[in-house]
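Chains A and B are the protein sequences, given in the same order.
Per our numbering, residue 163 is the first one in the first sequence, and the count goes up by one each step.
Per our numbering, residue 342 is the first one in the second sequence, and the count goes up by one each step.
Just so it is clear, CB atoms sit at the ideal spot from N, CA and C, and this is done for glycine as well.
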Amino acid sequence: MTDDCGSQHCITCGDIATAMTVLRVDVDGLALCEAEDGTREMVQIALVDPVRAADRLLVHAGTALAHQGGDPCEIR
Amino acid sequence: MRFVDEFRDAELGRAVAGQILSLVEPGRHYKVMEVCGGHTHSIYKYGIDDLLPANVELVHGPGCPVCVIPMGRVDDGISVAHHDGVIFTCFGDMMRVPGSDGSLLDAKAAGADIRMVYSPLDALRIARQNPEREVVFFAIGFETTAPSTALTLKRARAEGVTNFSVMCSHVTIVPPLRALLESPDLRLDGFIGPGHVSTVVGARPFEFIPADYGRPVVISGFEPLDILQGIEMILCQLATGRCEVENQYKRVVPYEGNLRALEVMAEVFELRPHFEWRGLGFISHSGLKLTDAYAELDAEARFNVPGLRVADPKACQCGEVLKGVIKPWECKVFGTACTPERPIGTCMVSSEGACAAYYNFGRFAREREVV
Numbered sequence: 163m164t165d166d167c168g169s170q171h172c173i174t175c176g177d178i179a180t181a182m183t184v185l186r187v188d189v190d191g192l193a194l195c196e197a198e199d200g201t202r203e204m205v206q207i208a209l210v211d212p213v214r215a216a217d218r219l220l221v222h223a224g225t226a227l228a229h230q231g232g233d234p235c236e237i238r
Numbered sequence: 342m343r344f345v346d347e348f349r350d351a352e353l354g355r356a357v358a359g360q361i362l363s364l365v366e367p368g369r370h371y372k373v374m375e376v377c378g379g380h381t382h383s384i385y386k387y388g389i390d391d392l393l394p395a396n397v398e399l400v401h402g403p404g405c406p407v408c409v410i411p412m413g414r415v416d417d418g419i420s421v422a423h424h425d426g427v428i429f430t431c432f433g434d435m436m437r438v439p440g441s442d443g444s445l446l447d448a449k450a451a452g453a454d455i456r457m458v459y460s461p462l463d464a465l466r467i468a469r470q471n472p473e474r475e476v477v478f479f480a481i482g483f484e485t486t487a488p489s490t491a492l493t494l495k496r497a498r499a500e501g502v503t504n505f506s507v508m509c510s511h512v513t514i515v516p517p518l519r520a521l522l523e524s525p526d527l528r529l530d531g532f533i534g535p536g537h538v539s540t541v542v543g544a545r546p547f548e549f550i551p552a553d554y555g556r557p558v559v560i561s562g563f564e565p566l567d568i569l570q571g572i573e574m575i576l577c578q579l580a581t582g583r584c585e586v587e588n589q590y591k592r593v594v595p596y597e598g599n600l601r602a603l604e605v606m607a608e609v610f611e612l613r614p615h616f617e618w619r620g621l622g623f624i625s626h627s628g629l630k631l632t633d634a635y636a637e638l639d640a641e642a643r644f645n646v647p648g649l650r651v652a653d654p655k656a657c658q659c660g661e662v663l664k665g666v667i668k669p670w671e672c673k674v675f676g677t678a679c680t681p682e683r684p685i686g687t688c689m690v691s692s693e694g695a696c697a698a699y700y701n702f703g704r705f706a707r708e709r710e711v712v
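Given below as structure tokens:
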């Protein structure tokens, strides 16, 4: 739970996924990832393999659901 | 910040709002439902509804994972938590959801060993650290969260962790949408489809909405420009007579979803015949349970779960809010007896709940209007 914008905001309950950067890939299907605010956690990567250091992943409840790619400027 | 700043550009937001204005017909009232609680939170947080024409109304849908858990299910969780030797784990907001006789947080205060976790993986770690105790994970959430639970169950089995089990309360998004579309008291013109659920399930499961009910769906991201563009795409479909599923959130949502996640879910979960949703009642094939192959990790098989059914408090109108029939502020107890500090209904518990989101952000704009 984070204190987001003054409200107790549970990103896991809220179905909110967080963009994280891969710092290190372990051999057991886990990767050490870091969020923009510096928070680090071990993340399950079985659903998005192959994963390399510096990849950006969309993470929810400790599991990466997608690679975050595409052009952020695609919006008109 | 890349992938964030681009989607909070105020000038671009005003431009999209201008496009929206050009698409609406004067005299026609548009009702667009945002399915996901994350969208509801963003809409109030960024004041997106203030940028819309008065005849475009956003209706808040049932996509807050905490809000749809019925009181009886909370009571079941508390019952399991009170078993000797059990460490009961759940996500943060779930701790505060009221049951018929208090919340999990109240049960913790009364002595039950209930711990907040960020992920099912955290619960599995607690199980490894406490081999003499039974560790139960209360699994809630839509298809966004279910793959994480499924992977963790596979991991528990592979590691031979036998003191870990899951009380599965995962739900699926399509059945409640179909129930809402069948509801005679709700007329909707289109849907902002769920962003992160669609990362897993893809866009295809929503094709029945335009095909069977003639309503457009635009899967959208959660940043302000994502939502504004999603609304603009819905109105564009309506203005041009198109009706289809479109994907505004292509940067993370593939049309086919995450096939590996779907495979893992199919291996670990199966649909329950019925599952009770807060405010919506029992909906067929809308909840998940563990397959027989994972029965030894099913907390409901391991413990005596009473399976209670408890009626919502009479004063609480979460059901009408979840169906979009009333606005949060139209509930009799909103902001008085029911606040985020002391919620009566689940919509006030999670910040993705329409009532809490409105209480925290939207009411200030409305108060200005009233003055």
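- If you draw a straight line from the Cα of Pro411(B) to the Cα of Phe478(B), it comes to about 17 Å.
- Contact note: Thr183(A) does not reach chain B at a C-beta cutoff of 9 Å; the least C-beta distance is about 11 Å.
- Per DSSP, reduced to three states, the secondary structure at Asn588(B) is strand.
- Within the stretch 527-541 of chain B, those residues whose Cβ lies closer than 9 Å to any Cβ of chain A are, in chain order, Pro535, Gly536, His537, Val538, Thr540, Val541.
- The C-beta of Val210(A) comes closer than 9 Å to at least one C-beta of chain B.
- Proximity of Gly200(A) to chain B, defined by a Cβ-Cβ separation below 9 Å, is not satisfied.
- Leu527(B) is a Cβ neighbour of Val400(B), given a cutoff of 9 Å.
- Using a Cβ-Cβ distance cut-off of 8 Å, the stretch 583-599 of chain B and the stretch 464-478 of chain B are not in contact, since fewer than three pairs of beta carbons, one from each stretch, lie closer than that value.
- The residue from Asp653(B), Gln658(B), Asn645(B), Leu393(B) with its alpha-carbon nearest to that of Ser420(B) is Asn645(B).
- For Phe483(B), there is no enclosing alpha helix (DSSP H), since its DSSP letter is neither H nor E.
- Counting C-beta atoms within 10 angstroms of its own C-beta, Gly598(B) has 16 or more neighbours from the protein chains shown and is therefore classed as buried.
- The C-beta distance from Cys431(B) to Val397(B) rounds to 37 Å, too long to meet the 8 Å contact threshold.
- Rounded to the nearest angstrom, the gap between the Cα atoms of Ala179(A) and Ala480(B) is 17 Å.
- Contact with chain B is absent for Ala197(A), since none of that chain's Cβ atoms lies less than 9 Å from the residue's Cβ.
- Secondary structure at Ala451(B): coil, using DSSP grouped into helix, strand and coil.
- Membership of Thr381(B) in the alpha helix (DSSP H) is indicated by the continuous run 378-387.
- Residue pairing by DSSP places His222(A) opposite Thr225(A) in a beta bridge.
- Not a single C-beta of chain A is nearer than 9 Å to the C-beta of Pro669(B).
- Following the DSSP letters along the chain, one finds Ala464(B) in no beta strand (DSSP E) but inside the alpha helix (DSSP H) bounded by residues 461-470.
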